[in-house]
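Residues in the sequence shown are numbered consecutively from -16, following our numbering.
Built from N, CA and C at the ideal position, the CB exists for glycine as well.
Structure first, commentary second.
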Amino acid sequence: MVFGQVVIGPHGSGKDYSLQWHVSVPHTNRKLTSLPPFLLIMKVAVIINLDPANDTLPYAINIEDFIRLREVMVEHSLGPNGGLVYCMDYLEKNIIDWLESKLQPFLEDHYLLFDFPGQVQLFFLHSNAKNVIMKLIKKLNLRLTAVHLVDAHLCSDPGKYVSALLLSLSTRLHLELPSAHQCLV
-16 MVFGQVVIGP
-6 HGSGKDYSLQ
4 WHVSVPHTNR
14 KLTSLPPFLL
24 IMKVAVIINL
34 DPANDTLPYA
44 INIEDFIRLR
54 EVMVEHSLGP
64 NGGLVYCMDY
74 LEKNIIDWLE
84 SKLQPFLEDH
94 YLLFDFPGQV
104 QLFFLHSNAK
114 NVIMKLIKKL
124 NLRLTAVHLV
134 DAHLCSDPGK
144 YVSALLLSLS
154 TRLHLELPSA
164 HQCLV
């Protein structure tokens, strides 16, 4: 059985930091209760980048090998948000097989961490990102959970915190995955 996380959250919420921590966390000298889930099931974490605008981390699989946001924006005269929606539509319709073939080597002994764009509309207003996730779950028999990250400064003000919780809840409900919510400092 293959386990993993769909890491989502607004731009600046710490997705890259969280993902990097998961792949670089020391495997020794840690209390059992503080270990991340992939170490408890004896798996090595691997990051799959499905954000065509993000190239900051080394990725095992990178959507930019297939489609690049900058090129889409120029070719179709789109802004950043429209370009991301186009890229997710393209991913949904054209590269599920490509992504499936790239994931095959990691299915036996890895914990999958899917990095998605931070634009809320991809999860809240459109279904293309959700459809990509659901297709992968069905084709590869994945067991995924959604982790919605929120910048810690939103957690310090009651109004902002409630707004962040409502956005997180509605996004996670739309994805129809087991989920967790985190504020990162």
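- In the DSSP assignment, residue 129 falls outside any alpha helix (DSSP H) and within the unbroken beta strand (DSSP E) covering 125 to 134.
- If you draw a straight line from the Cα of residue 119 to the Cα of residue 88, it is about 15 Å long.
- Apart from sequence neighbours up to five positions away, the residues of its chain that approach residue 144 with a beta-carbon distance below 7 Å are 137 and 138, ordered along the chain.
- In the three-state reduction of the DSSP assignment, residue 162 falls in the strand class.
- In terms of Cα proximity to residue 6, the closest of 46, -16, -9 and 41 is 41.
- Positions of the beta strand (DSSP E) runs, each at least 3 residues long and wholly inside the segment 67 to 124, are given as 93 to 98 in order along the chain.
- Taking a 10 Å sphere around the C-beta of residue 91, we find fewer than 16 other C-beta atoms and assign the residue as exposed.
- It is roughly 12 Å from the alpha-carbon of residue 151 to the alpha-carbon of residue 101.
- Sixteen is the threshold: when 16 or more other Cβ atoms of the shown chains lie within 10 Å of the Cβ of residue 131, as they do, the residue is buried.
- Listed in chain order, the non-local C-beta contacts of residue 30 below 7 Å within the same chain comprise 2, 6, 40, 42, 43, 96 and 98, local neighbours out to five positions each way being set aside.
- For residue 36, the three-state secondary structure derived from DSSP is coil.
- Per DSSP, the unbroken alpha helix (DSSP H) holding residue 56 starts and ends at 52 to 59.
- The Cβ atoms of residue 94 and residue -13 sit closer than 8 Å to each other.
- With fewer than 16 other Cβ atoms from the protein chains shown falling within 10 Å of its own Cβ, residue 142 counts as exposed.
- Assigned with DSSP and collapsed to three states, residue 28 falls in strand.
- Around residue -16, the same chain offers 124 and 126 as residues with beta carbons nearer than 8 Å, after the five sequence neighbours per side are excluded.
- Residue pairing by DSSP places residue 3 opposite no residue, since no beta bridge is assigned to it.
- In this structure, the straight-line span from the alpha carbon of residue 45 to that of residue 86 is close to 11 Å.
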